[in-house]
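S.K.:
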Amino acid sequence: MNALRELTKIAARGDISKSTYANALELGGELYPELLGPDVSVLRREREGDIAKEYRQKARLKSIKSGFDISPSNLIGQDIDDIKDLLEVAKREKSERTKVDQLKRRLKTLIDAEREINPVAHSENQLIFRDALAVNREIPALGSGKAYRDFRLPDDSVLRVRVLHPDKPEHITGADIIYERHSRYEEGASIVAIQYKIWEDKTMYLSDERMANQLTRLKNFTCDRTICSQSQGGNTYRFPCCAGFLRPTDKLQRADQSFISTGEHLPICKIDECKTLTARGAELLEYSKIRDISLSGEIFEQLFNTGKIGSRLLAYAELQSLYEEHAIVSEGDTVIIYAQEFSDQPRERIV
Ligand SMILES: [Zn+2]
């Protein structure tokens, strides 16, 4: 969820009214229904209001009692119709018109709950980004055989998203974002890859083997290659070209948590500098040791969106061979949310 939410933040250029938790959940439901779809998502269920929960419970018990499958949205739909019907009566009877305030209030509550129970029917207007129709643009891609979705961003560029994930959601141990910003004129892209890892009490052990493997993999893919080295003219004002970041993430404490935590992004290349050893020799990352170097979520988004962090511009041939070599990056037990942003309109270049 955090990964998806921060992806929407980058894509929405930091517009926090767009990158709400609820919006990210809707987008997640579209992109990865097996994990975040309305029928299966535990997060979504937890966030539901009391009325929606009440109807789910009713439907479950009624199904058992009757032996037929009774859906919560049918039940609530019936009650909504009942009240609407009664309100029609009140409209016709002049003396009744002013005596239905409770029914009107109940109707509104039920309609809101119905929307929670059955978001699919309403999701078209709710998705943060509109679907972009008929975008025909061939660009080098990781997992290029996989289906993608194209969205139109507020500034009219296109966001192409693929979600590469293990077949079984229960096997997921982490998430990565790979975000590419394409430059149509230069036939190249700047990329950034972020590895999400849960930490507890703002502390993370690096010794865990799976974790070590994932970090090595990310480093191979980004900073160990030349994509991290700065070869472009020295007249560009920017941060080092590191393209791999570790994103220690707080566990969601409550499902209705609506704030992103400080959102530290630590360059992979700086992990060694920041880690400490415990008395028993285990490697440790602590907030107090990384905070001087890591970038907060907001700063990260702004710097990437203005081209001051991320890899140097990679030519398409280079990007292509990077992905051919690292097809492996799409395997394993992490979800990869793979986003490519480009413009499909020819744009005047200001010289
Ligand atoms: Zn680096």
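Under my numbering, think of the first position of the sequence shown as 6, with each following residue one higher.
A virtual CB, placed ideally from N, CA and C, is assigned to each residue, including glycine.
Treat the numbers as computed from the prediction; the structure is a model and nothing was measured.
(1) Name the DSSP bridge partner or partners of HIS270?
(2) Assign THR231 to buried or exposed, taking buried as 16 or more other Cβ atoms, counted over all protein chains shown, within 10 Å of its Cβ.
(3) Pick helix, strand or coil for ASP181, following the three-state DSSP scheme.
(4) Of the residues GLN83, GLU192, LEU290 and GLY33, which one's Cα is nearest the Cα of PHE134?
(5) Classify LEU147 as helix, strand or coil using the three-state DSSP reduction.
(6) Counting only runs of 3+ residues fully inside the segment 156 to 229, write out the beta strand (DSSP E) ranges in chain order.
(7) Do SER212 and GLU288 have their C-beta atoms closer together than 8 Å?
(8) GLN346 lies in the alpha helix (DSSP H); which residues open and close that run?
(9) Are the CB atoms of ALA180 and VAL47 nearer to each other than 8 Å?
(10) Could you have a look at LEU357 and say whether DSSP puts it in helix, strand or coil?
(11) Buried or exposed for VAL163, going by 16 or more other Cβ atoms inside 10 Å?
(12) On a CA-only basis, which of GLU35, VAL105 and SER22 is nearest ARG167? Give me that one, please.
(13) Can you tell which of LYS99, ILE15 and ASP160 has the C-alpha that lies nearest to the C-alpha of ALA137?
(14) Return the residue from the list TYR201, LEU132, LYS275 and LYS280 that minimises the CA-CA distance to ALA8.
(15) So which of MET6, ALA198, ALA194 and ASP84 has the shortest CA-CA distance to ILE182?
(16) So which of LEU115, LEU66 and THR103 has the shortest CA-CA distance to GLY82?
(17) The alpha helix (DSSP H) spanning ARG65 covers which residue range?
(18) Identify every residue that forms a DSSP beta bridge with LEU319.
(19) Starting from the Cα of LEU282, find the closest Cα among CYS274, LYS275 and GLU291 and give me that residue.
(20) DSSP on PRO368, reduced to helix/strand/coil?
(21) Would you say the beta carbon of ILE273 comes nearer than 7 Å to a heavy atom of ligand 1?
(22) Looking only at its own chain, which residues have a Cβ that is under 8 Å from the Cβ of HIS331, when we skip the five neighbours before and after it?
(23) Less than 7 Å between the CB of GLY249 and some heavy atom of ligand 1, yes or no?
(24) What's the call for ASN141, buried or exposed, on a 16-neighbour Cβ count within 10 Å?
(25) Cβ atoms of GLU346 and HIS187: under 8 Å apart, would you say?
(26) With DSSP as the reference, label THR25 as helix, strand or coil.
(27) Please report the straight-line C-alpha distance between ASP117 and ILE273, rounded to a whole angstrom.
(28) Flag this pair as yes or no: are the beta carbons of TYR343 and PRO145 separated by less than 8 Å?
(29) Classify PRO253 as helix, strand or coil using the three-state DSSP reduction.
(30) Let me confirm a value: LYS109 is counted as buried when at least 16 other C-beta atoms fall within 10 Å, else exposed. Which label applies?
(31) Hey, how far is the Cα of ASP86 from the Cα of SER78?
(32) Near TRP204, which residues of its chain fall below 8 Å by C-beta distance, leaving aside the five closest residues on each side in sequence?
(33) Where do the ends of the beta strand (DSSP E) carrying GLU51 lie?
(34) Taking the straight line between their C-alpha atoms, what separation do you get for THR103 and LYS67?
M.R.: With the structure as the only source:
(1) LEU300
(2) exposed
(3) strand
(4) GLY33
(5) coil
(6) 163 to 169, 179 to 188, 193 to 204 and 208 to 210
(7) yes
(8) The sequence shown places Glu at residue 346, not Gln. That residue, GLU346, is in no alpha helix (DSSP H); its beta strand (DSSP E) goes 339 to 347.
(9) no
(10) It is not possible to answer for residue 357, since the shown part of the chain is limited to 6 through 356.
(11) buried
(12) GLU35
(13) ASP160
(14) TYR201
(15) ALA198
(16) LEU115
(17) 55 to 71
(18) ALA194
(19) GLU291
(20) There is simply no residue 368 to check, as the chain begins at 6 and stops at 356 in what is shown.
(21) yes
(22) LEU147, ASN225 and PHE226
(23) yes
(24) exposed
(25) yes
(26) coil
(27) 44 Å
(28) no
(29) strand
(30) exposed
(31) 12 Å
(32) PRO253, THR254, ASP255 and LEU290
(33) No beta strand (DSSP E) holds GLU51; the alpha helix (DSSP H) holding it covers 47 to 52.
(34) 35 Å
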